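Numbering (mature numbering (1 follows the signal peptide of the UniProt record, and there is no 0)), first residue to last: -19 to -1, 1 to 256.
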């Protein structure tokens, strides 16, 4: 009954949602999703199309062009400034519209993205300050992002087992204009696992939720992860509860609403009373 009440509330709040920060969070989450999904698709294509170059790969990354297209590059192991291939996607998850193996002169943006990505990889590998936490059957995946004079690397935890969505154990590294680390943040201090489906076919999962202790709102990394797996799970909504706010992300509509927790509790109690 509770989960059905949560769904009813999600439909009731559309007109009173408090969304001062929702647009920014949603936009960044969607961008991270497009970058990571392009990297997934690009990797699958690269390994199938260029098997002879597999051992030459030093790494890969994706970024958004000035025309809002997503570019995915694979760079060399011996020389990070040497590109092996550049993919161009006009929309995700569609196939690439261009695969370039000829005009591979590295751009300034690509060079900076590679540099901060490789720095993040090195810090993860060394973990000299025990900043990163490692869990069994998972891997840390860096997503470099340079926008509005900000240089950042988001680090998400990806699962290596099927039928599970992982949220949490994610990090943010921030760099200065010379690509030197200036700040590091642990976005979530724990890791949560959510199954794709309910064990009971007659009682399907309609939503999932987790709580925030430090941050008020859902994070862009949460949205990125939820979008990556939305086609695999049966649930369509995810809630994030903090002391002051409740974030409701509709995975089907890709909409985000944020409202004050007091208003949420008032609606929730009204729905319970109707039962």
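All residues carry an ideal CB built from backbone N, CA and C; glycine is no exception. These numbers were taken from a predicted model, which means no experiment stands behind them.
_Buried versus exposed, by CB contacts within 10 Å (16 or more), residue 48_ = Here residue 48 is taken as the residue at index 67 of the chain shown, counted from 1. Under this definition residue 48 is an exposed residue.
*DSSP state of residue 31 mapped onto helix, strand, coil*: Here the question's residue 31 lines up with position 50 in the chain shown. Secondary structure of residue 31 (DSSP, three-state): coil.
*Go ahead and pull the three-state DSSP assignment for residue -13.*
On the chain shown, position 7 is the one that residue -13 refers to. Summary for residue -13: the model assigns pLDDT 48, below 50, so the residue's position carries little reliability; its value from the coordinates is reported in the next sentence. It is helical.
_Backbone CA spacing between residue 55 and residue 26 [nearest angstrom]_ = The residue labelled residue 55 in the question sits at position 74 within the chain shown. The residue labelled residue 26 in the question sits at position 45 within the chain shown. CA-CA distance, residue 55 to residue 26, rounds to 11 angstroms.
_By the three-class DSSP mapping on this structure, what secondary structure does residue 131 have?_
Locating residue 131 in the chain shown gives position 150, where the first residue counts as 1. Correct three-state label for residue 131: strand.
*Would you mind working out which of 177, 252, 194, 193 sits nearest residue 218, comparing C-alpha positions?*
For the purposes of this step, residue 218 is taken as residue 237 along the chain shown, with counting starting at 1. In terms of CA proximity to residue 218, 177 leads the group 177, 252, 194, 193.
*Assigned exposure category for residue 128 - 16 Cβ within 10 Å defines buried*: Position 147 of the chain shown, counting from 1, holds the residue named residue 128. Answer is exposed; the Cβ neighbour count stays below 16.
*Please classify residue 141: is it buried, with 16 or more other beta-carbons within 10 angstroms of its beta-carbon, or exposed?*
As a working mapping, residue 141 is identified with position 160 in the chain shown. Note on residue 141: under 16 other CB atoms within 10 angstroms of its CB, so exposed under the neighbour-count rule.
*asked:* Along the chain, where does the beta strand (DSSP E) containing residue 165 start, and where does it finish?
replied: Stepping through the chain shown from its first residue, residue 165 is reached at position 184. Residue 165 -> beta strand (DSSP E) spans 162 to 167.
*Would residue 257 be called buried (16 or more neighbouring beta carbons within 10 Å of its own) or exposed?*
For the chain, the structure presents residues -19 to 256; residue 257 sits outside this window and is missing.
_If I measure Cβ to Cβ from residue 262 and keep anything under 6 angstroms in the same chain, skipping five residues before and after, which residues do I get?_
There is no way to answer for residue 262, as the model of the chain reaches only from -19 to 256.
*Per DSSP, which residues does residue 125 bridge with? Please list them.*
Indexing the chain shown from 1 puts residue 125 at position 144. Assignment of beta-bridge partners to residue 125 by DSSP yields 134.
*Could you tell me whether any non-hydrogen atom of the ligand MG is closer than 7 angstroms to the CB of residue 114?*
The ligand content of the structure shown is nil, which means the ligand MG is not present either.
*Over the uninterrupted alpha helix (DSSP H) stretch that includes residue 81, give me the two end residues.*
Mapped onto the chain shown, residue 81 falls at position 100. Under the DSSP assignment, residue 81 falls outside any alpha helix (DSSP H), being part of the beta strand (DSSP E) whose first and last residues are 79 to 81.
*Limits of the unbroken alpha helix (DSSP H) element including residue 90*: Along the chain shown, read from residue 1 onward, the residue named residue 90 stands at position 109. For residue 90, the enclosing alpha helix (DSSP H) has its first and last residue at 89 to 107.
*Answer yes or no: do residue 61 and residue 99 have a C-beta to C-beta separation smaller than 8 angstroms?*
Counted from its first residue, the chain shown places residue 61 at position 80. Counted from its first residue, the chain shown places residue 99 at position 118. The answer is yes: Cβ separation under 8 angstroms.
*With distances taken Cα to Cα, identify the nearest neighbour of residue 152 among 42, 130, 145, 104.*
As a working mapping, residue 152 is identified with position 171 in the chain shown. The closest CA to that of residue 152, considering only 42, 130, 145, 104, is found on 104.
*asked:* At the level of alpha carbons, what is the spacing between residue 139 and residue 108?
replied: To locate residue 139, count along the chain shown from 1; it is residue 158. To locate residue 108, count along the chain shown from 1; it is residue 127. Cα to Cα, the separation comes out at about 18 angstroms.
*So residue 209 is in the alpha helix (DSSP H); what residue range does that whole segment cover?*
Position 228 of the chain shown holds residue 209. Per DSSP, residue 209 is one residue of the alpha helix (DSSP H) stretching across 201 to 210.
*How many Å lie between residue 174 and residue 74 at the Cα?*
By 1-based counting over the chain shown, the position of residue 174 is 193. By 1-based counting over the chain shown, the position of residue 74 is 93. A straight line joining the alpha-carbon of residue 174 with that of residue 74 spans about 25 angstroms.
*Cβ separation of residue 204 and residue 7, assumed to be a contact under 8 angstroms, to the nearest whole Å*: The count along the chain shown starts at 1 and reaches residue 204 at position 223. The count along the chain shown starts at 1 and reaches residue 7 at position 26. About 6 angstroms separates the CB atoms of residue 204 and residue 7; that is less than 8 angstroms, so the two are in contact.
*When you compare only the Cα positions, how much space is there between residue 68 and residue 85?*
The residue given as residue 68 occupies position 87 in the chain shown. The residue given as residue 85 occupies position 104 in the chain shown. For residue 68 and residue 85, the distance between alpha carbons rounds to 11 angstroms.
*asked:* Using only the alpha-carbon positions, how far apart do residue 72 and residue 42 sit?
replied: Start at 1 with the first residue of the chain shown, and residue 72 comes out as number 91. Start at 1 with the first residue of the chain shown, and residue 42 comes out as number 61. It is roughly 16 angstroms from the alpha-carbon of residue 72 to the alpha-carbon of residue 42.
_Beta carbon of residue 206 nearer than 8 angstroms to that of residue 145_ = Along the chain shown, one-based indexing puts residue 206 at 225. Along the chain shown, one-based indexing puts residue 145 at 164. With a cutoff of 8 angstroms on beta-carbon distance, residue 206 and residue 145 are scored as not near each other.
_Proximity winner among 22, 241, 154, 88, relative to residue 164 (alpha-carbon distances)_ = As a working note, residue 164 is residue 183 in the chain shown. Closest by alpha carbon: 154.
_Residue range of the beta strand (DSSP E) that includes residue 192_ = Residue 192 sits at position 211 when you count from the first residue of the chain shown. Start and end: 188 to 192.
*Ignore the nearest five residues each way along the sequence and tell me which others in residue 237's own chain have a CB closer than 6 angstroms to its CB.*
Against the chain shown, residue 237 aligns to sequence position 256. Only 3, 7, 230 meet the Cβ criterion.
_Just verifying my parser: in three-state terms, what is the DSSP assignment at residue 67?_
On the chain shown, position 86 is the one that residue 67 refers to. DSSP places residue 67 in strand when its eight states are reduced to three.
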